[in-house]
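Protein chains: 4
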Amino acid sequence: MHKIALIGAGRIGRIHAANVAAHPELQLAYVVDPVGTSAQDVAASYGAKVADLDGALGDASISGVIVASSTDTHLDFSLRAAQAGKAIFCEKPIDLDLARAEASASKFEAAKARIFLAFNRRFDPHFRSLKRKLDAGAVGKLETLHITSHDPSPPPPSYVAVSGGLFKDMAIHDFDMARWVLGEDPSEVFAAGACLVDPEIGKLGDIDTAKVILRTASGKLCVISNSRRSGYGYDQRIEAFGSAGALRAGNVTESTVEAWTEGGAQADQFQNFFLDRYAAAYKFEMAHFADMIARNAAPEIGYRDGVAALALATAAQASMQAGAPVAL
Amino acid sequence: MHKIALIGAGRIGRIHAANVAAHPELQLAYVVDPVGTSAQDVAASYGAKVADLDGALGDASISGVIVASSTDTHLDFSLRAAQAGKAIFCEKPIDLDLARAEASASKFEAAKARIFLAFNRRFDPHFRSLKRKLDAGAVGKLETLHITSHDPSPPPPSYVAVSGGLFKDMAIHDFDMARWVLGEDPSEVFAAGACLVDPEIGKLGDIDTAKVILRTASGKLCVISNSRRSGYGYDQRIEAFGSAGALRAGNVTESTVEAWTEGGAQADQFQNFFLDRYAAAYKFEMAHFADMIARNAAPEIGYRDGVAALALATAAQASMQAGAPVAL
Amino acid sequence: MHKIALIGAGRIGRIHAANVAAHPELQLAYVVDPVGTSAQDVAASYGAKVADLDGALGDASISGVIVASSTDTHLDFSLRAAQAGKAIFCEKPIDLDLARAEASASKFEAAKARIFLAFNRRFDPHFRSLKRKLDAGAVGKLETLHITSHDPSPPPPSYVAVSGGLFKDMAIHDFDMARWVLGEDPSEVFAAGACLVDPEIGKLGDIDTAKVILRTASGKLCVISNSRRSGYGYDQRIEAFGSAGALRAGNVTESTVEAWTEGGAQADQFQNFFLDRYAAAYKFEMAHFADMIARNAAPEIGYRDGVAALALATAAQASMQAGAPVAL
Amino acid sequence: MHKIALIGAGRIGRIHAANVAAHPELQLAYVVDPVGTSAQDVAASYGAKVADLDGALGDASISGVIVASSTDTHLDFSLRAAQAGKAIFCEKPIDLDLARAEASASKFEAAKARIFLAFNRRFDPHFRSLKRKLDAGAVGKLETLHITSHDPSPPPPSYVAVSGGLFKDMAIHDFDMARWVLGEDPSEVFAAGACLVDPEIGKLGDIDTAKVILRTASGKLCVISNSRRSGYGYDQRIEAFGSAGALRAGNVTESTVEAWTEGGAQADQFQNFFLDRYAAAYKFEMAHFADMIARNAAPEIGYRDGVAALALATAAQASMQAGAPVAL
């Protein structure tokens, strides 16, 4: 059993703690959180101990560290874990500041960091199946890509204020998805944004709706659609258009039950809460982390990927402000 | 242009009149109906004349006769048209009395009748596509069959009283469908009926709900489900289970539009009115009749088919009353 | 933590072992299996000990016993566990012999047995959602029910020979489902069976295909369709027709991915292996067993339900042999 | 019966001729085509006469003129028909030259032209149903719109060479659709194009793939996706995202038949040929033209709409060439 330290005992940290406990090769050893009661609560559930960061990183028996603390600490905590020689599972985004993230790359390299940037969508069974079929040539050569990513309802303005904005906070998932499915880096981004959902978001200088076009060096085109509020649930879809057909991953419903009444056939609700929608993805992420630790597997998503997604988000922001495409 | 006489200017007669007029090879010449104003109305719309039965049958220029009058006249009018040498398009059922229908067979044969029993479902593009794929071996050898046939809402008791009962009036379509898709005649029928929808129907000695199992000599099994009221629209479906898969024909919606709201994805309503649902089938029926007249095509559904469907309906009625399977 | 003994370390026993281990309130303490290596293997995975039946039942710290051994032992082992005062989780069917199962009822009562008959379909989230909506009146009063239950491919003849036959081995799930969804006991059954899939099954005196009609005292009708081989995957569907609409639970696909090519839109495969299809159901079963142990919850499915399903299977067998409906 | 002259007896002209003949209020009187045999063929089928343009326009009994000749003649023939006082049904696009189309507007106004620009998609029952539900508030206030319009396979280079380019030839339908569904005019367009399908198209200076973002003055955003070759059929879809949900119009399949095999559920093919896919739309277009003639209905789509769609296509072309958004 490989011992794991969890940094951050909030909502997502608790998910990871449960998945560590359920994994046959991992054991939760420490929980670190500035809010002592949170740490205590999570630790008690899984037979772990509460510790501070130095204590956890200083224990040589700890193989891996999960960084699920607030975004502004991701970079520093990951680097300290790297320098302590631990394998790292870091929540997205790596940071909100592209220059800082780029500047830190050499430090991670110097530490020979084994860091996994946990973009959950890449581990979702539906998107993974699409990617596998695409790579197997089911629809020929990929030409264009549509990603739809609409949240059920907007976050509170207090969250928006510290979120880094729609592109870095929400669309960053889609930028990573685009890179992964396209199989190459976009070389140009054009972003159109609007505040159509909640005027409070606009007052904070942010947007709640966006349509983005990416273009790669080889000429592939990708459209991303984002909204902070769908009004119909969590909308997470991909359409990949190839030279011999198209692949689509649709939304997941709560059940297969349909009600047929005078109005027509009504399907069950979409799975709305992201922790439910991506529950399987979080488990597969942890299985991958176990592979990194137990079998020295290379991380599927590394530091450079985290920087590349942040670079796209930063360029999208710049494009929107300039009203013109931005080259990368 | 081949001249046609229409007998019966009611709801279904008007559909056939329009399809005659729209067909490039057919021309509506006479309309016969005991209600003079109905006949006049239909005749005026399509440049035809009102006539009585003798007048229409006596005109040697008439190639075909459509019998769309009340059920109790189907047999007599068809026979008279046969004896006048006309091609016949006869609405279902051929009669409500099996003995009488069987006894008349020799008279039709004697007249070398060219009679087409117009079971609309066999000409529906959806069911026809299923049958074509089945015959092409898309799912191997057919083993069992499920037919669902539920009406949107029950007919008035006054109609039920003269309808011949659920099996002869409504399920007869499904008995014909079963024979057609199975490709052989059932040798045994077990029918369970109930009055669950409208107690008035029960007071008339009829049922409004039935589940029937047919078995063929080669061992194929078929289930038919009937209801006089679905509560959700016109439910007309087939599932054909073969040795290498299954084929299904589903319900037809008004449009492809879905509404996604908090409750889930809502499809558009099913096409509810049988004249809409089977509009294409009626056109294809008329094209087939034109083939019979213009190119001497053999009728796809003949007198013997009409009798066979009636025999199944009669046996189902007997099975229900006896509470036991009935052999055919 | 409540201690559990598992009897039977085969395929299904291993599923239950994993679910016990994953449940926060349960702990696997003993594994009993005549094949020592199987028991040892499962015990080692979850920190349990190998024991014989007497040893497991004799340990007063054991709260619950899972009977997942071969069918012919279900009744005896469950009774011994009951007499030892343990809560019981018993795999279906309770027995293959109705008379014996009925005769044993008084012994279970005498032992004040707390026994849960684990029909997995009642715990499937899809069917459970259908039942919940039905009970909430989403489609009015239930009138008729269609259950489709087709296996992907037939079992080997060696299994068929000791299975008890299609009705007791396979359709028994659907008889229990019918009782649960209908909300009342069928009073009559008519079963038509055939051997269409594998002649070897017929040589063993069994069938591989069946269509069954059930009728309840209040007049509800239910159709069950069974096949040992679908050719297209595991087909597990329900259609419930009510006075104001219908509810349907459809098949579960491996993912939401569709491939659009020249042939049309191809959905992903159905989940084919029953252990995958009902993985969630097994977890919910274990959660229910934990409720029985930790909070004295009444079993959702009891001994009498196991007997009632067996009685229906036995009556269906008799109906098929007699070629007539059988009253219950 | 109102008499109609048809100009252009090619593929689309023949569709309109049949719909005139089938309409109870319209009668095809003249067919005009430079290819005499084509004109003769169509005229003979529907009891019309062959004429030249002057002859047709000079006959005072002609109420309406259908301009279905080549694109470069649309403007001139329509204007001449307007000056002759005829109601006009003009195929899209009004012209390929925006300046010329704008300059002609005053001439049409001077002639008090009653001209209907026949964009078929607005008359498609599926899109019309979406628009009706949207206007009825089914999903609240419209915020963003996605239009997917992919052809089954690319036209021959010889067609591309005279087509006016992807934006004016193909996407012009989608620009009109966008204006119609959005309910307001876009004020900015950004277009990204690529040649991914057929290098021959690129050699002609055209593109075969495009993604376009439109923005309206009120802040609504619209994405259009175009491809000259889908590889899976004719893809014609709309997603309209509102403040309380979304409406989607999907593709139309040949039938409702599904084949279930080991690979999963395969739906029937998409309706691939635009004359089939929009067959109903062409009929509804003609019914609207009859309303214009018989009941003086205002054209649902007028000259200004034709110019506005052309202006958007022209701006999209300019945006693509400039690599920057273009304001309108």
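Residue numbers (the working numbering), protein chains in the order written: chain A, 1 to 328; chain B, 329 to 656; chain C, 657 to 984; chain D, 985 to 1312.
Quick reminder that beta carbons are idealized off the backbone N, C-alpha and C, glycines included.
From a predicted model like this one, the values you see are computed outputs, not experimental measurements.
Counting the other CB atoms within 10 Å of its CB gives residue 1259 of chain D a total below 16, which places it among the exposed residues.
Runs of the alpha helix (DSSP H) lying entirely within the segment 847-927 of chain C, each at least 4 residues long, are 855-859 in chain order. Of all C-beta pairs linking the segment 902-911 of chain C to the segment 811-822 of chain C, fewer than three are shorter than 8 Å, placing the two stretches out of contact. With a threshold of 16 other beta carbon atoms within 10 Å, residue 1008 of chain D falls short and is exposed. The beta carbons of residue 577 of chain B and residue 458 of chain B sit closer together than 9 Å. Of C/969, C/962 and C/941, the smallest CA-CA separation from residue 776 of chain C is found for C/941.
Taken through DSSP and simplified to helix, strand or coil, residue 806 of chain C comes out as strand. Assignment of beta-bridge partners to residue 688 of chain C by DSSP yields C/663. Per DSSP, the unbroken beta strand (DSSP E) holding residue 1101 of chain D starts and ends at 1098-1102. Rounded to whole angstroms, the separation of the alpha carbons of residue 929 of chain C and residue 972 of chain C is 26 Å. Collapsing the DSSP output to three states places residue 968 of chain C in a helix.
Taken through DSSP and simplified to helix, strand or coil, residue 386 of chain B comes out as helix. Taking CB atoms only, residue 186 of chain A has no neighbour in chain C less than 9 Å away.
When the five nearest sequence neighbours on each side are left out, the beta carbons in the same chain lying within less than 6 Å of the beta carbon of residue 695 of chain C are those of 665, 687, 689 and 706, in order along the chain. DSSP places residue 613 of chain B inside the alpha helix (DSSP H), whose first and last residues are 607-623. Residue contact with chain A for residue 939 of chain C: absent (no Cβ-Cβ distance below 9 Å to any residue of chain A).
In the structure shown, residue 986 of chain D adopts extended strand secondary structure according to DSSP, grouped into three states.
For the 9 Å CB-CB criterion, residue 376 of chain B and residue 356 of chain B form a contact. Chain-ordered listing is empty here: chain A has no CB closer than 9 Å to the CB of residue 1166 of chain D, the nearest sitting near 13 Å.
Around the beta carbon of residue 627 of chain B, a 10 Å sphere encloses 16 or more other beta carbons of the protein chains shown; the residue is thus reported as buried. Residue 123 of chain A: not part of any beta strand (DSSP E); DSSP gives it neither H nor E.
In the structure shown, residue 15 of chain A falls within a helical segment according to DSSP collapsed to helix, strand and coil. Close to residue 408 of chain B, with beta-carbon spacing below 9 Å, lies no residue of chain C; the smallest spacing is near 42 Å. Residue 524 of chain B belongs to the set of residues whose beta carbon lies under 9 Å from a beta carbon in chain C. Boundaries of the beta strand (DSSP E) harbouring residue 416 of chain B: 415-419, taken from the DSSP string. Between the segment 104-118 of chain A and the segment 204-221 of chain A there are fewer than three inter-stretch CB-CB distances shorter than 8 Å, so the stretches are not counted as touching. Minimum Cα-Cα distance from residue 778 of chain C among the listed residues C/793, C/794, C/937 and C/745 corresponds to C/937. Secondary structure of residue 795 of chain C (DSSP, three-state): coil. As DSSP reads the structure, residue 188 of chain A sits in a beta bridge with A/215 and A/327. Across the set C/861, C/852 and C/892, the C-alpha of C/852 shows the shortest separation from the C-alpha of residue 572 of chain B.
Looking at the backbone, the Cα of residue 804 of chain C and that of residue 888 of chain C are separated by about 13 Å.
At least one CB atom of chain D sits nearer than 9 Å to the CB of residue 461 of chain B. Boundaries of the alpha helix (DSSP H) harbouring residue 172 of chain A: 171-182, taken from the DSSP string. In this structure, D/1249 is the residue among D/1289, D/1081 and D/1249 with its C-alpha nearest to the C-alpha of residue 890 of chain C. If the five residues before and after residue 637 of chain B are omitted, its C-beta is found closer than 6 Å to the C-beta atoms of 500, 503 and 504, all from its own chain and listed in chain order. With its beta carbon less than 9 Å from one in chain C, residue 560 of chain B belongs to the interface.
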